[in-house]
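A.B. asks:
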Amino acid sequence: MKKLVAGILSLALVAGLGVSFATAEEAAPAAGAAAEHATPHFPMHHPREQEWSFAGPFGKYDRGQLQRGLKVYTEVCSACHSMNLVAFRTLEGLGYSEAQVKAFAANYEVEDGPNSDGEMFTRKAVPSDHFPSPFPNVQAAAAANNGAAPPDFSLIAKARGITRGFPQFVFDIFTQYQEGGPDYIYSLLTGYDEEVPAHLEVAEGTHFNPYFVSAAALAMAKPISDDQVTYDDGSPQTVDQYARDVSAFLMWAAEPHLEARKRTGFMVMVFLVIFTGLIYLTKKSVYANKEH
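Per the numbering used here, the very first residue in the sequence shown carries number 32; after that it's consecutive.
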């Protein structure tokens with residue numbers, strides 16, 4: 032009787048597995064077709080991880096790269112994007128002298144006032160001023176850009192970091208990966224040339240970019256092309272290099288004290304290691320003659 036029951040159960044198990052495999056094979060093409068027409072997850076492509084000089088616990092900014100990134104921002108990005116939280120005087124951190132910063136600030140005009148007559152007026156910027164916005168207000172910015180106001184770039188490199196998900200974020204704890212923002216900006220700027228998938232419809236007036244975090248397309252057209260910005264140090268004048276340099280510059284704008292923070296963190300870790308050793312030696316000395 033037991034052998035009969037065992038035989039029946041075995042046959043049922045084999046039959047069930049066969050049905051499951053057949054069902055899976057039939058469902059696979061249907062699932063693939065459904066996935067093709069399903070609403071995509073954004074960003075469609077994960078940002079490409081790049082090598083940055085400021086990555087890791089001992090990372091430092093490349094001053095030459097930051098100066099090139101500033102040039103890209105001023106000649107291309109500043110036409111639409113502001114940096115309201117960044118003061119001109121902080122550019123000394125890029126290796127410029129006080130006189131150079133003063134001359135750079137004088138290229139901009141800022142609104143000031145009111146004067147003795149109670150009226151606002153414009154004047155040349157000084158190092159204590161911040162980068163001015165190219166538009167008088169958010170509404171004007173949106174009206175000039177197909178209804179989408181360009182975001183401020185002051186903290187964009189920290190605000191646009193993409194969550195890497197499990198298990199990658201676990202490894203990031205040990206590698207101290209904090210370059211999600213620059214990776215995203217670089218990928219976005221270099222992702223305009225990818226072809227639009229056949230099943231995807233791009234709204235009129237928008238531009239496909241699989242790295243955009245909010246949708247498959249965005250209002251901003253491809254902002255930069257090869258040889259658009261002239262470099263004085265002989266660096267390649269390509270979209271790839273422009274994107275890399277301006278991404279590094281925007282990381283500096285968002286976190287200008289990154290190097291000091293890392294130095295402080297390293298000294299704290301050294302202190303904790305020494306302090307732990309002293310505590311252990313003290314405990315060993317105090318309880319050396321105690322019976323356990």
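Yeah, the Cβ is synthetic: ideal placement off N, Cα and C, and Gly gets one too.
Predicted model only: the values in this text are computed from it and were never measured.
(1) Just the Cα atoms here: how many angstroms apart are G47 and D183?
(2) Please identify the residue among F85, S266, Y242, Q199 whose C-alpha is closest to the C-alpha of H72.
(3) Spatial neighbours of A65 within its chain, please: CB distance less than 6 Å, with the 5 preceding and 5 following residues excluded, ordered by chain position.
(4) Measure the beta-carbon distance from G211 to P88 and round it to whole angstroms, keeping in mind my assumption that it falls under 8 Å.
(5) Return yes when the Cβ of Q81 is within less than 8 Å of the Cβ of Y217, no when it is not.
(6) By the 10 Å Cβ neighbour count, where 16 or more other Cβ atoms means buried, how is L309 classified, buried or exposed?
(7) Which residue or residues does DSSP assign as beta-bridge partners of L220?
(8) Threshold first: 4 residues or longer. Then list the alpha helix (DSSP H) segments lying entirely within the segment 76 to 164, N to C.
(9) M298 lies in the alpha helix (DSSP H); which residues open and close that run?
(10) Check each candidate in L186, A250, R154 and name the one with the smallest Cα separation from D143.
(11) Go through its chain and collect everything with a Cβ distance to M282's Cβ below 6 Å, but skip five positions before and after it.
(12) Looking only at C-alpha atoms, which of L125, I193, A130 sits nearest to H76?
(13) Can you check which of these residues, G95, G124, R99, is closest to H288 by C-alpha distance?
(14) State the DSSP-derived secondary structure class of A172, mapped to helix, strand or coil.
(15) Give me the DSSP bridge partner(s) of H238.
C.D. replies: Let me spell this out:
(1) Any answer about G47 is weak, because its pLDDT of 49 lies below 50 and its placement is not dependable; what the coordinates show is given next. Roughly 59 Å between the two C-alpha positions.
(2) Of the residues F85, S266, Y242, Q199, the one whose Cα lies closest to the Cα of H72 is Y242.
(3) Any answer about A65 is weak, because its pLDDT of 43 lies below 50 and its placement is not dependable; what the coordinates show is given next. Excluding residues within five positions, none has a Cβ falling inside 6 Å.
(4) The Cβ separation is near 17 Å, so there is no contact.
(5) In this structure, Y217 sits near Q81, with a CB-CB distance shorter than 8 Å.
(6) It counts as exposed.
(7) L220 pairs with nothing; no bridge assigned.
(8) Qualifying alpha helix (DSSP H) stretches, in chain order: 94 to 106, 129 to 136.
(9) Taken as a continuous stretch (DSSP letters only), the alpha helix (DSSP H) holding M298 covers 289 to 317.
(10) Among L186, A250, R154, the Cα nearest to that of D143 belongs to R154.
(11) So the qualifying residues of the chain are A188, P213.
(12) Here the closest residue by C-alpha is I193.
(13) Of G95, G124, R99, the residue nearest in Cα terms is G124.
(14) In the displayed model, A172 falls within a helix according to three-state DSSP.
(15) Beta-bridge pairing links H238 to L249.
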